[in-house]
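First comes the structure, then the notes that go with it.
Residue numbers (our numbering), protein chains in the order written: chain A, 1 to 214; chain B, 1001 to 1214.
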């Protein structure tokens, strides 16, 4: 396997040598192969891990502490589903540090989940985030209707099925290889979000353009 | 019209009096009705504006400078479509300060836009963000297929049509009132994003749960 010194590893990953040393000390990066008392060689697995950490922090906006927890979830998962669930629970979002949502908004989210026959893991922050967003938008005089929630759910349901099956089938012979496919799921959830949001904005502008031209 | 002193305005908006004074000085908040040399009364329009600023900064993650620009776009728009386009261009996203995307990814995004018959305003950052995301995901060994891009576009196209028509029809007698409907469009674009992303995560987890149970 191709191997390299730390300076080359850092350069190829686009980070500094002190950053690599820091990740090694913190256990975010696995040790290289020692070639003496103070030197070690690193390989593509180290480069891949550094790129993943960088993407999760810089693109995904995760704090390093959260990256550490998510990578631990991935490494120690006993099942694919469990790992995805716990990783999703750790991914940050707006409203996490705020007051609870109103009972009315919480009930509207519960009703939407029931209409979709969706269940949520205990302590799952997503329902709370949706309910708080409904409260904020209500307070601004731009309420979100139940119909729009259902449209979101209907649009995202087949997408989610495609996305999950795509990463679930990564392993050989139909037996998914837990670690890489969980990594793919977490990376996909978090790093594909900017793509989804950018396409939504483009789609909205094009509807708006058509309306302006009519 | 119900009116209030600054202390009540600040309390109802959930911010401090110095913050209100700062927004007044910066022109983010319009002056109240003077009742003496140093005192003024404020009304619901001030409260609404403060809630909007707070939502755009705290939920939308916009810097105050961007909020100012977006609010100026809304106030000075000559047409609804123009205002939405320029506001969208200002909304921040990942990759904005980075190197340009690879020619290959840029071409893939162009091809997707052509397949959808979508056009983009010049200088529009969304296509660049998508192409950079494709590069990052490629580098991580989790490439995004053209098929997934098309699925995103197909899922978001009818949603965008519903969303844009909903805010476009706000004005009386079919003649949209530019300021409120642009505000609704910007608020909707930015503040509904957490809802969309949370529903996507819930949908993914439920697909994953079904797979685990099978």
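Built from N, CA and C at the ideal position, the CB exists for glycine as well.
Give me the DSSP bridge partner(s) of residue 33 of chain A.
Here the question's residue 33 of chain A lines up with position 33 in the first chain. BP columns for residue 33 of chain A point to A:41.
Is the region 198–206 of chain A touching the region 1112–1123 of chain B, taking contact as three or more C-beta pairs under 8 Å?
Short answer: they touch.
Interface partners of residue 162 of chain A on chain B, CB under 8 Å
By one-based count along the first chain, residue 162 of chain A stands at place 162. At a C-beta separation below 8 Å, residue 162 of chain A has these neighbours in chain B: 1148 and 1151.
Distance between beta carbons of residue 151 of chain A and residue 1152 of chain B, contact taken as under 8 Å
Counting from one through the second chain, the residue named residue 1152 of chain B turns up at place 152. Counting from one through the first chain, the residue named residue 151 of chain A turns up at place 151. Between residue 151 of chain A and residue 1152 of chain B the Cβ distance is about 15 Å, and since that is not below 8 Å, they are no contact.
If I measure Cβ to Cβ from residue 1167 of chain B and keep anything under 7 Å in the same chain, skipping five residues before and after, which residues do I get?
Taking the first residue of the second chain as position 1, residue 1167 of chain B is located at position 167. Once the five neighbours on either side are set aside, the close Cβ partners of residue 1167 of chain B are 1181, 1184, 1185 and 1188.
I'd like to check one pair, residue 49 of chain A with residue 5 of chain A: are the Cβ atoms closer than 8 Å?
As a first step, residue 5 of chain A is located in the first chain; it is residue number 5 there, counting from the start. As a first step, residue 49 of chain A is located in the first chain; it is residue number 49 there, counting from the start. Cβ atoms of residue 5 of chain A and residue 49 of chain A: not closer than 8 Å.
What do you reckon, are the CB atoms on residue 128 of chain A and residue 92 of chain A nearer than 8 Å?
What you label residue 128 of chain A is simply residue 128 of the first chain in a count that begins at 1. What you label residue 92 of chain A is simply residue 92 of the first chain in a count that begins at 1. No, they are not a contact pair.
Using a Cβ cut-off of 8 Å (strictly closer), state whether residue 104 of chain A contacts chain B.
In the first chain, the residue the question calls residue 104 of chain A occupies position 104. Not closer than 8 Å to any Cβ of chain B, the Cβ of residue 104 of chain A fails to qualify, so no.
Using the Cα positions of residue 1039 of chain B and residue 1068 of chain B, report the straight-line distance between them to the nearest angstrom.
Taking the second chain and counting its residues from 1, the one referred to as residue 1039 of chain B is at position 39. Taking the second chain and counting its residues from 1, the one referred to as residue 1068 of chain B is at position 68. Roughly 25 Å separates the two Cα atoms.
Option in A:16, A:131, A:89 and A:158 with minimal Cα separation from residue 146 of chain A:
The residue labelled residue 146 of chain A in the question sits at position 146 within the first chain. Residue 146 of chain A has its Cα closest to that of A:131, out of A:16, A:131, A:89 and A:158.
Residues of chain B with CB under 7 Å from residue 52 of chain A, in chain order?
Numbered from 1 along the first chain, position 52 holds the residue referred to as residue 52 of chain A. Correct list: 1140.
How many Å lie between residue 13 of chain A and residue 82 of chain A at the Cα?
Within the first chain, numbered from 1, the residue matching residue 13 of chain A stands at position 13. Within the first chain, numbered from 1, the residue matching residue 82 of chain A stands at position 82. Each residue's Cα considered, the two are about 30 Å apart.
Find the residues of chain B that neighbour residue 16 of chain A, judging by a C-beta separation of less than 8 Å, and give them in chain order.
Mapped onto the first chain, residue 16 of chain A falls at position 16. Here the premise fails: no neighbours, minimum Cβ distance about 17 Å.
Could you tell me whether any Cβ in chain A is nearer than 8 Å to the Cβ of residue 1088 of chain B?
Stepping through the second chain from its first residue, residue 1088 of chain B is reached at position 88. So yes, residue 1088 of chain B belongs to the interface.
Distance, residue 139 of chain A Cα to residue 20 of chain A Cα
On the first chain, position 20 is the one that residue 20 of chain A refers to. On the first chain, position 139 is the one that residue 139 of chain A refers to. One C-alpha to the other measures close to 46 Å.
Tell me the rounded alpha-carbon separation between residue 95 of chain A and residue 133 of chain A.
Counting from one through the first chain, the residue named residue 95 of chain A turns up at place 95. Counting from one through the first chain, the residue named residue 133 of chain A turns up at place 133. Spanning the two alpha carbons is a distance of roughly 8 Å.
Taking the C-alpha atoms as reference points, what is the distance between residue 16 of chain A and residue 61 of chain A?
On the first chain, position 16 is the one that residue 16 of chain A refers to. On the first chain, position 61 is the one that residue 61 of chain A refers to. The straight-line gap separating the alpha-carbon atoms of residue 16 of chain A and residue 61 of chain A is approximately 19 Å.
If you draw a straight line from the C-alpha of residue 144 of chain A to the C-alpha of residue 11 of chain A, how long is it?
The residue you call residue 144 of chain A lines up with position 144 of the first chain. The residue you call residue 11 of chain A lines up with position 11 of the first chain. Looking at the two C-alpha atoms, the distance is approximately 47 Å.
For residue 141 of chain A, which option in B:1156, B:1047, B:1135 and B:1149 has the closest C-alpha, if you only look at C-alpha atoms?
Numbered from 1 along the first chain, position 141 holds the residue referred to as residue 141 of chain A. For residue 141 of chain A, the nearest C-alpha among the options comes from B:1047.
Go through its chain and collect everything with a Cβ distance to residue 191 of chain A's Cβ below 7 Å, but skip five positions before and after it.
Mapped onto the first chain, residue 191 of chain A falls at position 191. Shown here for residue 191 of chain A: same chain residues with a beta carbon closer than 7 Å to its own, the five before and five after excluded, namely 55, 59 and 60 in chain order.
Whole angstroms are fine: how far does the CA of residue 1155 of chain B sit from the CA of residue 159 of chain A?
Against the first chain, residue 159 of chain A aligns to sequence position 159. Against the second chain, residue 1155 of chain B aligns to sequence position 155. Whole-angstrom Cα-Cα distance: 8 Å.
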